[in-house]
Each structure stands twice: as structure tokens, then as C-alpha cells.
Amino acid sequence: MSPKTTGDNSTSSKAILVYIYGGAFLTGDTGQVYGNTLVSRPLELGEPIVYVTAAYRLNAFGFLAGKEVKDAGIGNLERFALEWVQKHIGAFGGDPKKLGSQLWCNLRQLPYALERRNPQGLFHAGAMESGSPIVLPDILQQQRYFDSLVIDTNCTTASDKLECLRDAPFEQLAAAVDRTPSLFAYQSLKLMDSRG
């Protein structure tokens with residue numbers, strides 16, 4: 109990893125903006141917003157920031173729902189990006205005590221995250237960019253779509269269905285994902301684990 113500089117030569121620790129791109133958990137990438145546009149104004153004001161963005165998998169490749177997912181505890185893995193930033197951002201001139209998140213995709217989760225999912229203080233502020241809060245279904249309410257993927261990938265007899273899905277050929281899994289209902293039917297939305 110080689111950080112890009114914007115002409116700031118100060119040695120003081122800077123505030124951090126973590127940008128999590130949007131796309132309703134179905135589309136998007138780290139290039140949706142150019143970091144240089146987000147850091148240029150703070151730099152002009154003499155308050156430079158460190159900009160971080162993280163790539164993540166979309167739709168069922170990253171936001172699969174179902175009992176097996178819940179039991180494996182693999183929801184909310186985007187927290188690893190914030191944990192990484194907390195641990196390593198000092199090497200890039202950032203101050204982990206000045207970490208904020210700008211969330212598009214995770215907009216629906218921000219109030220929940222601020223209230224219940226931030227016990228380790230991974231971030232200290234958040235800015236919501238788009239969309240509107242909606243009621244999040246419990247991860248188990250989407251079980252039928254997980255089961256459909258299992259059937260379409262010939263994983264019904266596997267003792268570990270998640271592992272079978274991970275081992276399925278990409279083309280087969282992608283075709284199964286394409287057969288699931290679209291946005292606002294089956295949700296590749298962030299699903300809440302009702303265990304808190």
C-alpha cells in the first residue's frame with residue numbers, strides 16, 4: 109500500500125474520513141467518489157484529513173442472509189475495515205481518535221451502529237449521504253433466499269452449506285444470485301442480527 113499525498117507536509121495527526129461506498133449492497137466500488145475531491149477543501153482550510161476507502165463484496169457474495177450466516181457470526185464484517193484503520197492509520201498520519209465514517213451503503217445501519225455496534229469506539233462521527241432509513245429485516249427472515257442459492261449451486265446435501273457455497277464455481281454462484289429477486293424483494297441489504 110502506498111498512500112498518496114496532497115501536498116501536506118505537517119506532522120500533526122489528522123482527522124480520518126472512511127468512505128464506505130453505496131449501491132444498495134448490490135453495486136458500487138471504491139472509485140465512485142474520488143478521494144482527492146474530498147480532501148482538497150480541508151487542505152485549503154489548513155485542516156488536512158486522511159481519506160480511506162475499503163472495497164467489499166456485494167450482493168450474496170458479501171451480504172448473504174440466513175441461519176447459517178447468523179450461526180457462523182459472519183455478518184457485519186465491514187467492521188474489520190474500521191478495526192484495521194484504528195490499528196494502522198497512525199502510519200499514514202491519521203489520528204484514530206479522530207475517525208469518522210461517511211457511509212452511503214451503510215446509511216440504514218448508521219443510527220444502529222452508533223447506538224449498539226460501536227462499543228469499541230471504532231469511529232467517533234458519521235455522515236449519511238443518501239437513501240433513507242428503512243426497517244431492517246432480521247437475517248432469518250431471508251432464509252428462503254439462502255436456501256434457493258443452496259439448491260441452485262447443488263449444495264443441499266453438504267454438511268457445511270456455507271463452505272459449499274464458497275467452493276462453488278463463480279459462474280454457477282453468479283447465475284444463482286442472478287435468479288434471486290431484485291432490490292427490495294430479497295435484500296442484499298444489511299440485515300440485523302436480532303441478538304444485538
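This note's numbering numbers the first residue of the sequence shown as 109 and each following residue consecutively.
The beta-carbon is built from N, C-alpha and C at its ideal position, and this holds for glycine as well.
Computed from a predicted model, the values in this text were never measured in an experiment.
How many angstroms separate the CA atom of residue i from the CA atom of residue j?
| i | j | result |
| --- | --- | --- |
| Arg187 | Gln194 | 11 Å |
| Leu257 | Ser267 | 15 Å |
| Ser148 | Ala123 | 14 Å |
| Thr138 | Tyr129 | 6 Å |
| Pro277 | Trp192 | 30 Å |
| Ala173 | Ile182 | 10 Å |
| Ala189 | Gly154 | 27 Å |
| Glu152 | Tyr159 | 15 Å |
| Asp275 | Thr261 | 10 Å |
| Lys206 | Ile197 | 11 Å |
| Glu279 | Pro150 | 44 Å |
| Asn167 | Val285 | 8 Å |
| Leu146 | Tyr164 | 20 Å |
| Leu273 | Tyr253 | 13 Å |
| Ile259 | Phe169 | 16 Å |
| Ser110 | Pro204 | No answer about Ser110 holds up, because its pLDDT of 48 lies below 50 and its placement is not dependable. |
| Val141 | Thr161 | 10 Å |
| Leu281 | Gly136 | 19 Å |
| Arg287 | Gly143 | 35 Å |
| Gly202 | Asp255 | 44 Å |
| Glu271 | Ala283 | 18 Å |
From what residue to what residue does the alpha helix (DSSP H) around residue i run?
| i | result |
| --- | --- |
| Ala284 | Phe278 to Asp286 |
| Ser256 | Gln251 to Asp260 |
| Asp275 | Lys269 to Asp275 |
Which residue wins for smallest C-alpha separation from residue i, given the options the options?
| i | options | result |
| --- | --- | --- |
| Asp179 | Ile259, Phe200, Lys269 and Leu125 | Lys269 |
| Val126 | Gly170, Glu279, Ile157 and Lys175 | Ile157 |
| Glu176 | Thr264, Gly143 and Ser121 | Thr264 |
| Ser199 | Arg287, Gln280, Ser121 and Tyr253 | According to the sequence as given, residue 199 is Ala; it is not Ser. Ranking the options by Cα distance to Ala199, first place goes to Ser121. |
| Phe171 | Val141, Asp203 and Gln250 | Gln250 |
Quiz item: Going along the chain, which unbroken runs of the beta strand (DSSP E) with 3 or more residues stay wholly within the region 125 to 208?
Solution: 157 to 161
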